[in-house]
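Asks: Here it is, the structure, as structure tokens.
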Amino acid sequence: MKRHLAFVAGAGAVSLFGAAHAVYAQVLPGDIDRSQFRASAHALGMGGSDLLLNDGIDSAAANPAAIGDSGKFSFGLSAEARTDNVKWSDINDVVDNVTKVRDQIDNTTGGISTGQVTAAYDAFDSIYNFAIKAGAQPNGGPATLKAVGAPSLGFSFGKFGVIAYGGVAVNLKLSAGTGTGPGLGLGLIPTGVVRPSAVQIGDKRKVSVDGGLLAMSTVAVPIAVPIAVGVIGVSPKFVRADYGALSYTADASNNLISGTNYNSVSDQKLDVDLGFQSKSFLGVRYAAVVRNLLQPKFNLKRRVGGHDQAGDFNFTNSTEFDLGAMYTKENASYVVEEHNLSGANGANSTFHLGGEYRVGPVFALRAGYDDDRFVAGLGFNLHGTRFDIASSSDPDQRIAASVTGKF
666 MKRHLAFVAG AGAVSLFGAA HAVYAQVLPG DIDRSQFRAS AHALGMGGSD
716 LLLNDGIDSA AANPAAIGDS GKFSFGLSAE ARTDNVKWSD INDVVDNVTK
766 VRDQIDNTTG GISTGQVTAA YDAFDSIYNF AIKAGAQPNG GPATLKAVGA
816 PSLGFSFGKF GVIAYGGVAV NLKLSAGTGT GPGLGLGLIP TGVVRPSAVQ
866 IGDKRKVSVD GGLLAMSTVA VPIAVPIAVG VIGVSPKFVR ADYGALSYTA
916 DASNNLISGT NYNSVSDQKL DVDLGFQSKS FLGVRYAAVV RNLLQPKFNL
966 KRRVGGHDQA GDFNFTNSTE FDLGAMYTKE NASYVVEEHN LSGANGANST
1016 FHLGGEYRVG PVFALRAGYD DDRFVAGLGF NLHGTRFDIA SSSDPDQRIA
1066 ASVTGKF
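All residue numbers for the sequence shown refer to my numbering, where the first residue is 666 and numbers rise by one.
Shown next, in the form of structure tokens:
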């Protein structure tokens, strides 16, 4: 049965669909940014700085040591969306359309197979128009679409908690051009097939899709151990990776979709994160986190029609190192952090700078710089339950919302 990916990061609903991949796909799991699957509106409002927050279980995905200051009970529910050169609200439509066209390819024969553009013409038309809008040059360079949707949900009791987090990363290259065939016409539509009303007679447009969709789902159990200079946190975690890829060319001039429809594949591994938060010294606290200590390798087969093919989609989650410092005085806090110092897991090292000003016990105003853009956020505290929202200067490309409680 065909599965479908819904990318609704703002609502925190993410699922993975059965996806396809051609033998020469340009986007592999190791190429996709796997370091951004941590959602927190509090952190985004402060420039993405998440190592020194103490919001209970919600902060433990970023730093296991945060569970040491979670009170008797805490809960957290967060969702965040990040995109490049595309609105996050458009992602679901794009994924819908590229999979509708992909699904016309028969995946039972193996190797390169074909389908017909007229069977999914509306989706083909939308992909082409979107590619041009996103920056693809006709018969030239592709448009690159990148997006991450990351929800999280967790609970803690004392210095022990459980949190589920992760998300879906989308990385697509869309190329637009002109085919060499005679042009879409009535003669190219098979006998007995009703002509779609939107079909443009003489259409010679061509679109190529190379992409990957990677879902990383994590269930972690953070535990805190107080020491003389602060708190150490250890977080054993179970990680599942689901990968689907897309690589095909749809050419209206020949009414032909050519590619290989690979099945989605998955693997599960155990891993461990370590974190530290220091006690305050002259108003300054420090943090350090080591992620993916066991460096798990995910073994993902190339599979067509349920049969393994030559090659694989294997990748390793390499160890990441994060550092941060926060200065607090009265009602204000200022933080600076560097994440992923080693530039691992399909990403570069990122810089985060932010501040928060608390207006009494209820409101908090936040602003910062999240590696490549300015962000701002607002917090509202009501009897231990806090509501946070944050976005970049363009909310269509970076936005987050959280509800957390600590009692």
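Cβ atoms here follow ideal geometry from the backbone N, Cα and C, with glycine treated the same way.
All of these numbers come straight from a predicted model, not from anything done at the bench.
(1) Should the region 808-819 be called in touch with the region 933-953, which here means at least 3 C-beta pairs below 8 angstroms?
(2) For a quick check, are the C-beta atoms of residue 806 and residue 1071 less than 8 angstroms apart?
(3) In the structure shown, what three-state DSSP assignment does residue 703 receive?
(4) Taking the Cβ atom as the reference point for each residue, do residue 817 and residue 735 lie within a distance shorter than 8 angstroms?
(5) Note the first and the last residue of the continuous beta strand (DSSP E) segment covering residue 793.
(6) Out of 901, 907, 954, state which residue places its alpha-carbon closest to the alpha-carbon of residue 834.
(7) Does the beta-carbon of residue 1010 have 16 or more other beta-carbons within 10 angstroms, so that it is buried, or is it exposed?
(8) Might you give, ordered along the chain, the residues of its own chain that have their beta carbon closer than 6 angstroms to the beta carbon of residue 936, omitting 5 neighbours on each side?
(9) Are the CB atoms of residue 925 and residue 969 nearer to each other than 8 angstroms?
(10) Assuming contact is defined by CB atoms lying nearer than 8 angstroms, are residue 730 and residue 897 in contact in what I supplied?
(11) Only counting the same chain, and skipping five residues up and downstream in sequence, which positions put a Cβ closer than 6 angstroms to that of residue 918?
(12) Please list the terminal residues of the continuous beta strand (DSSP E) segment that includes residue 966.
(13) Going by CA-CA distance only, name the one from 1027, 758, 1022, 800 that's closest to residue 787.
(14) Please look up how many angstroms separate the CB atoms of residue 1016 and residue 1036, rounded, as I've assumed it's under 8 angstroms.
(15) What are the boundary residues of the beta strand (DSSP E) that residue 763 is part of?
(16) With H, G and I counted as helix, E and B as strand and the rest as coil, what does DSSP make of residue 722?
(17) I think residue 779 touches residue 922, with their Cβ atoms under 8 angstroms apart; what is that distance to the nearest whole Å?
(18) Between residue 705 and residue 1065, how many whole angstroms is the CB-CB distance? I'm expecting something under 8 angstroms.
(19) Within the same chain, show all residues whose beta-carbon is closer than 6 angstroms to that of residue 696, passing over the 5 residues directly before and after it, in chain order.
(20) Whole angstroms is fine: what's the gap from residue 982's alpha carbon to residue 1008's?
(21) Using C-beta distances below 6 angstroms, list every residue in its chain close to residue 765, excluding the 5 sequence neighbours before and after it, in chain order.
(22) Under three-state DSSP, which class holds residue 782?
(23) Go to residue 711, then tell me how far its beta strand (DSSP E) extends in each direction, as first and last residue.
(24) Tell me, please, whether the region 1044-1055 touches the region 1027-1036 by the rule of three or more beta-carbon pairs shorter than 8 angstroms.
Replies: Inspection of the coordinates gives the following:
(1) By the C-beta criterion, the region 808-819 is judged not to be in contact with the region 933-953, since fewer than 3 inter-stretch pairs fall below 8 angstroms.
(2) no
(3) coil
(4) No, Cβ-Cβ distance for residue 817 and residue 735 is not below 8 angstroms.
(5) Residue 793 -> not in any beta strand (DSSP E); alpha helix (DSSP H) instead, spanning 786-798.
(6) 907
(7) buried
(8) 902, 904, 957, 959, 961
(9) In contact: residue 925 and residue 969 (Cβ atoms closer than 8 angstroms).
(10) yes
(11) 844, 846, 848, 869
(12) Element bounds for residue 966: 966-969.
(13) 758
(14) So it is a contact: roughly 6 angstroms between Cβ atoms.
(15) Careful: residue 763 lies outside any beta strand (DSSP E), inside the alpha helix (DSSP H) at 756-767.
(16) helix
(17) With a Cβ gap of about 6 angstroms, residue 779 and residue 922 count as contacting.
(18) Between residue 1065 and residue 705 the Cβ distance is about 7 angstroms, and since that is below 8 angstroms, they are a contact.
(19) 1011
(20) 12 angstroms
(21) 785, 788
(22) helix
(23) Run containing residue 711: none; DSSP gives neither H nor E here.
(24) yes
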